[in-house]
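In the working numbering, the protein residues as written are 400 to 658. Ideal placement from N, C-alpha and C gives every residue a C-beta, glycine not left out. Source: prediction; values computed, not measured. To start, the structure itself, in structure tokens.
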């Protein structure tokens, strides 16, 4: 009788030891360090400019407006004065070109203004491994911000507060003029700045104050059956996102998306 009792306890103790070893091994695996996934990064253009990037949903966007003066293959892009000079030359240009802003130094905050020919040039305006935002890219971003399907495909002003989610917030140089109760949230981290535009018919800038009131960004996608490109527009007194199309002689800002 004593032997049976002794054997029972020995078996139980052995089982407990095995269980402890298994638990210890499993627990050790659980404590292995997990590397956090980064939502920010950088990318370098053909000029050596380094841009901050951010992951928004499943996309990687540049947080800053493009300011390269060369294509990806090293070819120089023609500069046509500043945004207040050589208007006729700009309006009649049928090949790639860019210009700086009115002050000549505003590119530090806003990037450069490019015509549509530069956007669609096969030599590549965006950094290696990246591309100028397409309609599909813009629409994915708008969907991520909960814009409705009907609004996403519509023209003119669309959405509710998606524009506010894109605009850089705060005070200082290169931020939006404050209109009444409308405050930019920049909740996406996109950090859109009011860089204005260059008009397609006269080549003129949309007035110096436009640098704090308006922003225009190219899409590289052509409207079906035309040579016009789609674009996005934000306004200091509007909370939505404007979508339309226009000729390549406009001068707009460029944002890039990772391939």
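Under the three-state reduction of DSSP output, residue 549 falls in the helix class.
The residue among 562, 542, 465 and 656 with its C-alpha nearest the C-alpha of residue 517 is 465. Secondary structure within the region 582–638: the beta strand (DSSP E) runs of 3 or more consecutive residues, fully enclosed, are 613–621 and 628–634 (chain order).
A distance below 6 Å between beta-carbons, with the five flanking residues on each side excluded, links residue 611 to the following residues of its chain, in chain order: 576 and 593. If you draw a 10 Å sphere on the C-beta of residue 475, you find fewer than 16 other C-beta atoms in it, and that means exposed. With 16 or more neighbouring CB atoms inside 10 Å of its own CB, residue 526 falls in the buried class. Leaving aside the five residues that flank residue 485 on each side, the residues in its chain whose CB is nearer than 6 Å to its CB run, in chain order, 479.
Residue state for residue 565 is assigned as helix, using DSSP reduced to three classes.
Minimum Cα-Cα distance from residue 559 among the listed residues 569, 657, 624 and 548 corresponds to 548.
Ranked by Cα distance from residue 581, the first of 590, 597, 567 and 563 is 563. Residue 524 carries a coil assignment under DSSP once its states are collapsed to helix, strand and coil.
Separation of the CB atoms of residue 442 and residue 561 is rounded to 25 Å, and the pair is thereby denied contact status at 8 Å. In the structure shown, residue 653 falls within a coil segment according to DSSP collapsed to helix, strand and coil. Take the alpha-carbon of residue 622 and the one of residue 555: they are about 15 Å apart. Residue 486: member of the alpha helix (DSSP H) spanning 486–491, first to last residue. Judged by DSSP secondary structure, residue 517 falls within the alpha helix (DSSP H) whose first and last residues are 515–519. Residue 642 is bridged by DSSP to 555 and 631. DSSP, reduced to helix, strand and coil, places residue 463 outside both helices and strands of the structure shown, so it counts as coil.
Secondary structure of residue 508 (DSSP, three-state): helix.
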